[in-house]
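Chains as they are written, first to last, in my numbering: chain A, 1 to 423; chain B, 1001 to 1106.
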């Protein structure tokens, strides 16, 4: 079993770069795929070195095998918008397959099948539908924020970020509300590296997913016999392009939507709190002008980059940034690096809530696979910050955050905070 | 200079004068016309500069490229006269062009 699969990151780990000087090691040994530096929050200088010295970088040996790293904004854009050269099949994960098989979902399909399947589900997260959901989201945000203690330490991740995104997901699926915490667990388990804190081994992970599958098969069977509704499961069960889909494809898309709508927004909600604490002048700007919230939300999403990378596979021999990439090779776009590329984003390494062109970031990806839920995410974050600013002087970070053990999901396991009341 | 008129979904009109060479998206952004986001900065890879071209201008604006077609096909309010403003180059021939912006960019 590989180091990542067993999750036993230790100082002796062959692949770990934790604690190493990014500029002292041979450049070919740099391996961003290993989760250790992401949990330890040490990834930035490694990315910086690659961007300046070898922006298209080959890592010949790693726990996930050989792969190319694409570090610059413009090169990432090129890969993301060339699906005929860089395929999303068979998987967009850096690990070829975590288990014995991978579930099919449109995120890991090329056109035309990708386009057909995506079209069926995207209406539910399209702005026209979101307009109808805005009142409900705001109401739920208010209930959560009103229940928080003042001047008392608590975990922002558990009590706000997770609670809110889980409630939202339950709404989109019309999932039984009392069971909603299952969604969080399944989402975490789907991307978890065993031993990283969510599940302790692959069997446990697999059991969690089986439970999820059984639940969603039951929901499909219920909805398919009911009148078509506006929730995602009903849309899949009745949609022309999806109603006859193989069961494993349905489950693959469900997992995609659970993970896509959960981890990402959750970690951006937490990441915003952290960024404002680390940049008090920006917090002051925000207090002075709430109309910056919409722009700030885009900046938070750039700064956090809740998914650090996406993987493609070269379909043909090609060239990128002067490097020859062979057909079949793994190509990883590091969005987390492109979003800090000074050549494409002015003052990219500063968090500026009033930044011009804040929407021009890579966190949603570009091209056909651009994040389908981007408007929902922006709306949730906007509402959260509007309601936070009405209630609290400061969400104060009072301890070190614990980060996720993953080079894919870039986020937080916990973030201790205290709320300061308005003056 | 070339005149381009942007009409918002609620009927608000914005008339701008721009020189040739840039895109219609660029004309909107640099003149502060609301309703166009242009998240990808003009590389036909996000569909957030979606516009509806008024019927009498459709022919002059020209054909959709396959990439533009692909991006627009993922838009929920796609119509026959949908175009991405970043893919329409401003030329003398487009003086007087009228486009409508959708209620939402997606």
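Idealized CB from N, CA, C, for every residue including glycine. Just so it is clear, the structure is predicted and the values come from calculations on it, not from any experiment.
Applying the 10 Å Cβ sphere with the 16-neighbour rule, what's the burial state of residue i?
i: residue 1009(B); result: exposed
i: residue 1059(B); result: exposed
i: residue 106(A); result: buried
i: residue 1001(B); result: exposed
i: residue 95(A); result: buried
i: residue 346(A); result: exposed
i: residue 30(A); result: buried
i: residue 316(A); result: exposed
i: residue 117(A); result: buried
i: residue 349(A); result: exposed
i: residue 150(A); result: exposed
i: residue 401(A); result: buried
i: residue 177(A); result: exposed
i: residue 267(A); result: buried
i: residue 358(A); result: buried
i: residue 1080(B); result: exposed
i: residue 99(A); result: Below a pLDDT of 50, predicted positions are generally treated as unreliable, and residue 99(A), at 47, falls in that range; the measurement from the model is reported next regardless. Burial call: exposed.
i: residue 135(A); result: exposed
i: residue 1093(B); result: exposed
i: residue 1107(B); result: Here chain B covers residues 1001 to 1106 and nothing more, so residue 1107(B) does not appear.
i: residue 170(A); result: buried
i: residue 1023(B); result: buried
What is the rounded straight-line gap between the Cα of residue i and the Cα of residue j?
i: residue 120(A); j: residue 269(A); result: 28 Å
i: residue 1014(B); j: residue 415(A); result: 46 Å
i: residue 291(A); j: residue 353(A); result: 11 Å
i: residue 45(A); j: residue 24(A); result: 12 Å
i: residue 411(A); j: residue 242(A); result: 32 Å
i: residue 162(A); j: residue 108(A); result: 26 Å
i: residue 1049(B); j: residue 1105(B); result: 7 Å
i: residue 423(A); j: residue 164(A); result: 26 Å
i: residue 101(A); j: residue 204(A); result: The predicted model places residue 101(A) with a pLDDT of 46, which falls under 50 and marks its position as unreliable; any figure quoted below should be read in that light. Their Cα atoms are separated by approximately 16 Å.
i: residue 77(A); j: residue 272(A); result: 25 Å
i: residue 432(A); j: residue 333(A); result: Examination of residue 432(A) is not possible in this model, given that chain A is present from 1 through 423 alone.
i: residue 376(A); j: residue 126(A); result: 8 Å
i: residue 413(A); j: residue 328(A); result: 35 Å
i: residue 1007(B); j: residue 1027(B); result: 14 Å
i: residue 1052(B); j: residue 145(A); result: 41 Å
i: residue 1063(B); j: residue 366(A); result: 23 Å
i: residue 341(A); j: residue 115(A); result: 30 Å
i: residue 131(A); j: residue 389(A); result: 22 Å
i: residue 264(A); j: residue 219(A); result: 24 Å
i: residue 90(A); j: residue 188(A); result: 22 Å
i: residue 236(A); j: residue 192(A); result: 26 Å
For residue i, which of helix, strand or coil comes out of DSSP?
i: residue 414(A); result: strand
i: residue 1082(B); result: strand
i: residue 18(A); result: coil
i: residue 1004(B); result: strand
i: residue 100(A); result: For residue 100(A), the predicted model reports a pLDDT of 42, less than 50, meaning its position is unreliable and no value from the coordinates is stated.
i: residue 312(A); result: strand
i: residue 1105(B); result: coil
i: residue 1025(B); result: helix
i: residue 332(A); result: strand
i: residue 200(A); result: coil
i: residue 325(A); result: strand
i: residue 32(A); result: coil
i: residue 48(A); result: helix
i: residue 1064(B); result: coil
i: residue 79(A); result: helix
i: residue 346(A); result: coil
i: residue 1030(B); result: helix
i: residue 86(A); result: strand
i: residue 1074(B); result: coil
i: residue 1097(B); result: strand
i: residue 108(A); result: helix
i: residue 352(A); result: coil
i: residue 23(A); result: coil
What is the C-beta distance between residue i and residue j, in whole angstroms, given that I count them as a contact (C-beta under 8 Å)?
i: residue 1031(B); j: residue 1095(B); result: The pair is not a contact, with the Cβ atoms about 16 Å apart (cut-off 8 Å).
i: residue 67(A); j: residue 33(A); result: 7 Å
i: residue 382(A); j: residue 297(A); result: 5 Å
i: residue 1016(B); j: residue 1090(B); result: Incorrect: roughly 10 Å between the Cβ atoms, too far for contact.
i: residue 261(A); j: residue 168(A); result: 7 Å
i: residue 240(A); j: residue 104(A); result: Not a contact, Cβ separation roughly 18 Å.
i: residue 302(A); j: residue 363(A); result: 6 Å
Do residue i and the ligand ATP come close, with the Cβ less than 7 Å from some heavy atom?
i: residue 210(A); result: Inclusion of the ligand ATP in the displayed structure is not the case, the ligand content being empty and no account of it being possible.
Scan the segment 113-183 of chain A and note each continuous alpha helix (DSSP H) run of 4 residues or more that stays entirely inside, going in chain order. 113-122, 127-146, 163-173
What are the start and end residues of each continuous beta strand (DSSP E) run of 3 or more residues lying completely inside the segment 274-307 of chain A, in chain order? none
Of all the beta strand (DSSP E) runs that stay within the bounds of the segment 356-420 of chain A, which reach a length of 3 or more residues? 392-397, 412-414
Segments of 4+ residues assigned as alpha helix (DSSP H) that fall wholly inside the segment 210-279 of chain A: 232-238, 247-260, 263-278
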